Amino acid sequence: MTDHELKLTLAMVVLFLPLLAAVGIGLGARRWRGLSAGLSLGATVIAFVCSLILFIKFHGAPADIVPATDAAFHGIQWLQLGDFSVDFAALIDPLSLLMMLIVTTVGTLVQIFSLAYMRTDAGYSRYFAGLSLFLFSMLGIVLASNLLLLFIFWELVGVSSYLLISHWFEKPAAADAGKKAFITNRIGDFGFLLGILLVWQLHGTLDIIELSNIGAVTTAAGLLIFCGAVGKSAQFPLHVWLPDAMEGPTPVSALIHAATMVAAGVYMLCKLFFLFTPDALVIISWIGGITALLAALMAIQQNDIKRILAYSTLSQLGYMVMAVGCAGPAASMFHLTTHAAFKALLFLGAGAVIYSCHHEQDIWKLGGLRKKLPLTYRAFVTGALALAGFPLMSGFFSKDAILAQAFMANQPLFYLGVAVALLTAFYMMRCVLVAFHGEPRGEAARDAHEAPGEMTGPLIFLSILSIGLGWHFFGLNDFLLNKNIWLGTTITGAVIPNEITHTAHLAAMISGTIASLAGLALGWVAYRGVKQDPLPGMLGALARGMRDKFYFDELYAWLNRWTQERLARYADCFDRWIIAGLGVRGSSGAVDLTGCLLRLVQSGNLQTYALLLALGLLVMLTFFLF
924 MTDHELKLTL AMVVLFLPLL AAVGIGLGAR RWRGLSAGLS LGATVIAFVC
974 SLILFIKFHG APADIVPATD AAFHGIQWLQ LGDFSVDFAA LIDPLSLLMM
1024 LIVTTVGTLV QIFSLAYMRT DAGYSRYFAG LSLFLFSMLG IVLASNLLLL
1074 FIFWELVGVS SYLLISHWFE KPAAADAGKK AFITNRIGDF GFLLGILLVW
1124 QLHGTLDIIE LSNIGAVTTA AGLLIFCGAV GKSAQFPLHV WLPDAMEGPT
1174 PVSALIHAAT MVAAGVYMLC KLFFLFTPDA LVIISWIGGI TALLAALMAI
1224 QQNDIKRILA YSTLSQLGYM VMAVGCAGPA ASMFHLTTHA AFKALLFLGA
1274 GAVIYSCHHE QDIWKLGGLR KKLPLTYRAF VTGALALAGF PLMSGFFSKD
1324 AILAQAFMAN QPLFYLGVAV ALLTAFYMMR CVLVAFHGEP RGEAARDAHE
1374 APGEMTGPLI FLSILSIGLG WHFFGLNDFL LNKNIWLGTT ITGAVIPNEI
1424 THTAHLAAMI SGTIASLAGL ALGWVAYRGV KQDPLPGMLG ALARGMRDKF
1474 YFDELYAWLN RWTQERLARY ADCFDRWIIA GLGVRGSSGA VDLTGCLLRL
1524 VQSGNLQTYA LLLALGLLVM LTFFLF
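My numbering numbers the first residue of the sequence shown as 924 and each following residue consecutively.
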């Protein structure tokens, strides 16, 4: 078997095995819980092994010089309209190999964790079928060779995430959260679809390799493409769905809302970076920066442990989008990779806490878990330090890359990024101190016990990645800084510099380290040994705004009432009184009345007909004479 054939075969195994598992569970295995979990986990493990082989063997192939016949599998001609054709094909380049490895790694660990976490759940088989369907959809995004195929898998990810978020659909909050996520994403996806159509109109092709040889499209087309990332990666102003999605099972939060689905938007921006003009990149960078700052402020006053992590995810996604806008897709992918490890660790650690504390999620009702859950505590602290950018943790290196990129491209965003780094360290210190230190503040915390091995095993593995993934030993940063892995020969030299300036690196390292240590110190001073949150008394209305998410949901509800709902009422009145009333019932009534009147003159009496004939002749005679 040639390298080309091996690459295609393994990629197809990675893509379709999760789909086969989902179909198998849905068609027959659903009634056997163990078999359902085994099918899903087995398919994911095999996909992970194949992804690892692909990455090790082919990650060095430069995407910008590999011929299209080698880089893409042109399999089935799916659509033909004149000269325009779309193939069902897989684009296999170094960037997709990295993302494929991330998705299958986190997917495997989440499914192992779920074996224990979801063991007593009534929808156990349905849950694993949903996970497998989601992995198939996400891997389809990673491997799509054209924008139309990418959009189809994009929508499949939306459907499967809806099914997983609303897994406990009998709970109104979970059902509403699933609908909110689905509808909010459709807004961004509508813009994404318009962008794809505009690209087709401009260049007559949707093939990613062909587009990479053409280069940037118009600013309008680039921003419409970006709308897809705004929805999927929960950027301002479509960020409101992500915190509510925490109503789903905690492993789902780790898989979808930490490492894969929300990262799909960032991956898409990096993959299609060659499409964006400088003007579009400026807007993208500021959207990311605003999202990062807003979400960090909101996280400071959240009390639900999963919501704290949800807002931190929003903030870190803002970091990644900001890096793309600052012409740093390499820095963005670097942070995406390290974030996948430490945020999955934090969510699974939170899941272990929730499982051990009888599903209690309020950090102010926990406390004292440091001694009762020692392994979970150490894992959670490791993830928190990585997220805070503590020196020599994986997050430290990737945040340094983003801040250095911002320093060179847009210094106001550099200072905003430093402020976000301080806030991140502060709210993570708050979370750790309140949830794990002090004395137990509730029965759930007093009765807590360490999670079983199926849960702690993934925590240990993710802890290792959270510490060392940014180190030079892994070579991740060097891999991403290699311009040969990026599509678009016209922009790689300018966009992926071989060496970021010494001044930018020094400024990022010093500022990021000071911000991280200062945030941790402030959190320690503010929350060590406290029994209630001191910030509401100190900040007043600002603290209430942070707790209530700056009232974005209320604002959108008000706008919805005064636009969509009012328009719906006007449309209903028009339909009820004009179309149905005057139009349908009016014409029907007129015909009915006319029929009734005519029926009166159809008496069947010959004398009456003779009288009517005489009257008619008299009327005609009068008309002609006068």
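The beta carbon of each residue, even a glycine, is placed where N, CA and C say it ideally should be. Since we're looking at a predicted model, the values are computed, not measured.
**Report entry** Backbone secondary structure at Gln1487 - three-state DSSP
**Finding:** As a working note, residue 1487 is residue 564 in the sequence shown. It is helical.
Query raised in the report: Based on the DSSP output, what are the partners of Ser1008 in its beta bridges?
Result: Locating residue 1008 in the sequence shown gives position 85, where the first residue counts as 1. Its beta-bridge partners are Gln1003.
**Report entry** Endpoints, alpha helix (DSSP H) assigned at Trp1447
**Finding:** In the sequence shown, counting from the first residue as 1, residue 1447 sits at position 524. Element bounds for Trp1447: His1425 to Tyr1450.
Query raised in the report: At which residues does the alpha helix (DSSP H) containing Val972 begin and terminate?
Result: The residue labelled residue 972 in the question sits at position 49 within the sequence shown. That run of the alpha helix (DSSP H) goes Arg956 to Phe981.
Query raised in the report: Taking the C-alpha atoms as reference points, what is the distance between Phe1473 and Gln1239?
Result: Here residue 1473 refers to the residue found at position 550 of the sequence shown. Here residue 1239 refers to the residue found at position 316 of the sequence shown. The C-alpha of Phe1473 lies about 19 Å from the C-alpha of Gln1239.
Query - Pro990 burial status per 10 Å Cβ neighbour count (16 or more: buried) - result: Position 67 of the sequence shown, counted from the start, is the residue given in the question as residue 990. The pLDDT assigned to Pro990 is 36, lower than 50, so where the model puts this residue is not dependable; a value taken from the coordinates is nonetheless given after this. Per the 10 Å Cβ criterion, exposed.
Requested in this report: Within the same chain, show all residues whose beta-carbon is closer than 6 Å to that of Leu1392, passing over the 5 residues directly before and after it, in chain order.
Outcome: Counted from its first residue, the sequence shown places residue 1392 at position 469. Listed in chain order, the non-local C-beta contacts of Leu1392 below 6 Å within the same chain comprise Thr1261, Ala1264 and Ser1317, local neighbours out to five positions each way being set aside.
Query raised in the report: Are the Cβ atoms of Gly1145 and Phe1199 separated by less than 7 Å?
Result: Translated into positions along the sequence shown, residue 1145 becomes position 222. Translated into positions along the sequence shown, residue 1199 becomes position 276. Contact: yes.
Query raised in the report: Can you name, in chain order, every residue of its own chain whose Cβ lies under 7 Å from the Cβ of Gly1361, other than the five neighbours on each side?
Result: Start at 1 with the first residue of the sequence shown, and residue 1361 comes out as number 438. Closer than 7 Å at Cβ, skipping near neighbours: Gly1290, Gly1291 and Gly1452.
Query raised in the report: According to DSSP, is Ala1253 helix, strand or coil?
Result: On the sequence shown, residue 1253 is found 330 positions in, with the first residue counted as 1. DSSP places Ala1253 within a helical segment (H, G or I) once states are collapsed to three.
Query raised in the report: Roughly how many angstroms separate the alpha carbons of Phe1546 and Thr1517, rounded to a whole number?
Result: As a working note, residue 1546 is residue 623 in the sequence shown. As a working note, residue 1517 is residue 594 in the sequence shown. Each residue's alpha carbon lies about 24 Å from the other.
Query raised in the report: How is the alpha helix (DSSP H) around Gly1241 delimited, first residue to last?
Result: One-based indexing of the sequence shown puts residue 1241 at position 318. Here the alpha helix (DSSP H) through Gly1241 covers Ile1228 to Gly1248.
Requested in this report: Tell me whether Ile999 is buried or exposed, calling it buried when 16 or more other Cβ atoms sit within 10 Å of its Cβ.
Outcome: Taking the sequence shown and counting its residues from 1, one reaches residue 999 at position 76. Answer is exposed; the Cβ neighbour count stays below 16.
**Report entry** Beta-bridge pairing of Asp1130 - partner residues as DSSP gives them
**Finding:** Start at 1 with the first residue of the sequence shown, and residue 1130 comes out as number 207. DSSP, once it has assigned bridges, lists Asn1069 as partnering Asp1130.
**Report entry** Three-way DSSP call (helix, strand, coil) for Asp1285 in this model
**Finding:** Stepping through the sequence shown from its first residue, residue 1285 is reached at position 362. Taken through DSSP and simplified to helix, strand or coil, Asp1285 comes out as strand.
**Report entry** For Lys1295, the three-state DSSP class (helix, strand or coil)
**Finding:** Position 372 of the sequence shown, counted from the start, is the residue given in the question as residue 1295. In this structure, Lys1295 counts as helix in the three-state DSSP scheme.
Query raised in the report: How about Gly1446 and Leu1345: do their beta carbons lie closer than 7 Å?
Result: Translated into positions along the sequence shown, residue 1446 becomes position 523. Translated into positions along the sequence shown, residue 1345 becomes position 422. Not closer than 7 Å, so no.
Query - Whole-Å CB distance - Leu1018 paired with Ile1383, under 8 Å assumed - result: In the sequence shown, counting from the first residue as 1, residue 1018 sits at position 95. In the sequence shown, counting from the first residue as 1, residue 1383 sits at position 460. The pair is not a contact, with the Cβ atoms about 29 Å apart (cut-off 8 Å).
Query - Chain-order list of residues whose beta-carbon lies under 7 Å from that of Ala945 (same chain, five-residue window excluded) - result: Residue 945 sits at position 22 when you count from the first residue of the sequence shown. Here the set comprises Ala1052, Ser1055, Leu1056 and Phe1059.
Query raised in the report: Between Val936, Gly1171 and Ile979, which lies nearest to Leu1399 when the distance is taken from Cα to Cα?
Result: As a working note, residue 1399 is residue 476 in the sequence shown. Among Val936, Gly1171 and Ile979, the Cα nearest to that of Leu1399 is on Ile979.
Requested in this report: Check whether the stretch 1028 to 1035 touches the stretch 1162 to 1179, counting contact only when three or more Cβ pairs, one atom from each stretch, lie closer than 8 Å.
Outcome: The stretch 1028 to 1035 makes contact with the stretch 1162 to 1179, as at least three CB pairs between them are under 8 Å.
Requested in this report: Output yes or no for whether 7 Å exceeds the beta carbon distance between Ser1084 and Met1022.
Outcome: Locating residue 1084 in the sequence shown gives position 161, counting from the first residue. Locating residue 1022 in the sequence shown gives position 99, counting from the first residue. Contact annotation: Ser1084 and Met1022 have beta-carbon atoms that are not nearer than 7 Å.
Query raised in the report: Mapping DSSP to helix, strand and coil, what is Cys1193?
Result: Locating residue 1193 in the sequence shown gives position 270, counting from the first residue. Look at Cys1193 here: in three-state DSSP terms it is helix.
Requested in this report: Label Thr1531 either buried or exposed according to how many other C-beta atoms from any shown protein chain fall within 10 Å of its C-beta, with 16 as the threshold for buried.
Outcome: Looking up residue 1531 in the sequence shown gives position 608. Thr1531 should be labelled exposed.
Report task. Can you say whether Trp1164 is buried or exposed, counting buried as having 16 or more other CB atoms within 10 angstroms of its CB? Result -> For the purposes of this step, residue 1164 is identified with residue 241 of the sequence shown, where counting begins at 1. When all chains shown are included, Trp1164 counts as buried.
Requested in this report: Note down the Cα distance separating Val1542 from Val1507, rounded to an integer number of angstroms.
Outcome: Locating residue 1542 in the sequence shown gives position 619, where the first residue counts as 1. Locating residue 1507 in the sequence shown gives position 584, where the first residue counts as 1. When rounded, the separation of the alpha-carbon atoms in Val1542 and Val1507 is 35 Å.
Query raised in the report: Looking at C-alpha atoms only, which residue of Phe971, Gly957 and Cys1496 is the closest neighbour of Ile939?
Result: Counting from one through the sequence shown, the residue named residue 939 turns up at place 16. Note that residue 939 is Phe in the sequence shown here, rather than Ile. That would be Phe971, whose Cα lies nearest to the Cα of Phe939.
Report task. Assuming Phe1330 and Phe1337 form a contact by the criterion Cβ under 8 Å, report the distance between their Cβ atoms to the nearest whole angstrom. Result -> Counting from one through the sequence shown, the residue named residue 1330 turns up at place 407. Counting from one through the sequence shown, the residue named residue 1337 turns up at place 414. Right, the Cβ-Cβ distance comes to about 4 Å (below 8 Å), so this counts as a contact.
Requested in this report: Using a Cβ-Cβ cut-off of 7 Å, state whether Leu1505 counts as contacting chain C.
Outcome: Any reference to chain C falls outside this structure, which holds one protein chain only.
Query - Unbroken alpha helix (DSSP H) run spanning Trp1164, endpoints - result: As a first step, residue 1164 must be located in the sequence shown, where it is residue number 241. Residues Trp1164 to Asp1167.
Report task. Answer yes or no: do Met1461 and Met1221 have a C-beta to C-beta separation smaller than 7 Å? Result -> Numbered from 1 along the sequence shown, position 538 holds the residue referred to as residue 1461. Numbered from 1 along the sequence shown, position 298 holds the residue referred to as residue 1221. No, Cβ-Cβ distance for Met1461 and Met1221 is not below 7 Å.
Report task. Please go through the same chain and pick out, in chain order, the residues whose beta-carbon is closer than 7 Å to the beta-carbon of Ala1233, but skip the five residues on each side of it. Result -> Here residue 1233 corresponds to residue number 310 of the sequence shown, with the count starting at 1. Within the same chain, Cβ atoms closer than 7 Å to the Cβ of Ala1233 are found at Leu1165, Pro1166, Met1169 and His1180, the five residues on either side in sequence being excluded.
**Report entry** Extent of the continuous alpha helix (DSSP H) to which Arg1364 belongs
**Finding:** As a working mapping, residue 1364 is identified with position 441 in the sequence shown. Unbroken run through Arg1364: none, as it is neither H nor E.
Query raised in the report: Roughly how many angstroms separate the alpha carbons of Ser1089 and Met1041, rounded to a whole number?
Result: Along the sequence shown, read from residue 1 onward, the residue named residue 1089 stands at position 166. Along the sequence shown, read from residue 1 onward, the residue named residue 1041 stands at position 118. Ser1089 and Met1041 have their C-alpha atoms roughly 15 Å apart.
Query raised in the report: What is the residue span of the alpha helix (DSSP H) that Pro1381 lies within?
Result: The residue labelled residue 1381 in the question sits at position 458 within the sequence shown. Run containing Pro1381: Gly1376 to Gly1391, per the alpha helix (DSSP H) assignment.
**Report entry** Proximal residues to Pro1566 (C-beta, below 7 Å), its chain only, five neighbours per side dropped
**Finding:** No answer is possible for residue 1566: the residues shown for the chain start at 924 and end at 1549.
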